[in-house]
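Engineer:
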Amino acid sequence: MRYRPLSPNGDYTVGVPFLVDSPACVAQAISTRLKLWQGEWFLDTTAGTPWLQKILAKSSNPEAYIRKAILGTTGVLSLASFSGSFVGDTRTLTVSGTVDSLFGQAQFSTSVNVTV
C-alpha cells in the first residue's frame, strides 16, 4: 500500500516521502474514501460513500453505510471503535475511530461537509 501524504489543507504533497505499508496509509485511505461522494468520480461512479443515495436520504440506518465504507477500505481488517458528531451550523459531520489494519491499529478522523 502506498499513498502520497496530504497537507493540512487536504492537498497532495510533493517532495516528501510516501506513506508505505503503515497505519497512516490506512487512516488516509479511510479519510479519502469518506470524503469521496458516490458518483463524484467520473471514471467509476460507484466508488465513494453513498452520502446522497443512502446516508442523507431517508435511511433507516445511516451509520451502517458509514461503517460499510470504512470496512470496505483497502487494508482494514476490523472496526475497533467508531463515533460521529454533527455540527448543524456548518453542516459538518466528523467521523472518528480506530481500525485494526494489515499494519497495526490505525486511528482516523475526517470531516465531511454534507451540504447538498
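In this text, residue positions in the sequence shown follow the numbering used here: the first is -3, and each later residue adds one.
From the three backbone atoms N, C-alpha and C, an ideal C-beta is built for every residue, glycine too.
(1) Once the 5 residues before and after residue 96 are set aside, which same chain residues still bring their CB inside 6 Å of it?
(2) Between which two residues does the alpha helix (DSSP H) holding residue 28 run?
(3) Please determine if the segment 7 to 27 and the segment 43 to 60 are in contact, where contact requires at least 3 C-beta pairs separated by less than 8 Å.
(4) Looking at C-alpha atoms only, which residue of 16, 32 and 54 is the closest neighbour of residue 108?
(5) When you compare the CB positions of residue 93 and residue 78, do they come within less than 8 Å of one another, or not?
(6) With H, G and I counted as helix, E and B as strand and the rest as coil, what does DSSP make of residue 34?
(7) Could you give the DSSP three-state label for residue 63: helix, strand or coil?
(8) Using the DSSP secondary-structure output, state which residues sit across from residue 93 in a beta bridge.
(9) Could you pull the DSSP bridge partners for residue 171 from this structure?
Structural biologist: Taking the definition as stated:
(1) Position 100 of the sequence shown, counted from the start, is the residue given in the question as residue 96. Exclusion of the five residues before and after residue 96 leaves 73, 74 and 76 as the residues of its chain whose Cβ lies within less than 6 Å of its Cβ.
(2) As a working note, residue 28 is residue 32 in the sequence shown. That run of the alpha helix (DSSP H) goes 19 to 31.
(3) The segment 7 to 27 vs the segment 43 to 60: no contact.
(4) Translated into positions along the sequence shown, residue 108 becomes position 112. Answer by Cα proximity: 32.
(5) Residue numbering aside, residue 93 sits at position 97 when the sequence shown is read from its first letter. Residue numbering aside, residue 78 sits at position 82 when the sequence shown is read from its first letter. Taking 8 Å as the Cβ cut-off, residue 93 and residue 78 qualify as a contacting pair.
(6) For this step, residue 34 is matched to residue 38 along the sequence shown. Residue 34 falls in the coil class under three-state DSSP.
(7) Position 67 of the sequence shown, counted from the start, is the residue given in the question as residue 63. For residue 63, the secondary structure class from DSSP, reduced to helix, strand or coil, is helix.
(8) Here residue 93 corresponds to residue number 97 of the sequence shown, with the count starting at 1. According to DSSP, residue 93 bridges with 78 and 104.
(9) Outside the modelled stretch of the chain, which goes from -3 to 112, sits residue 171, for which no answer is possible.
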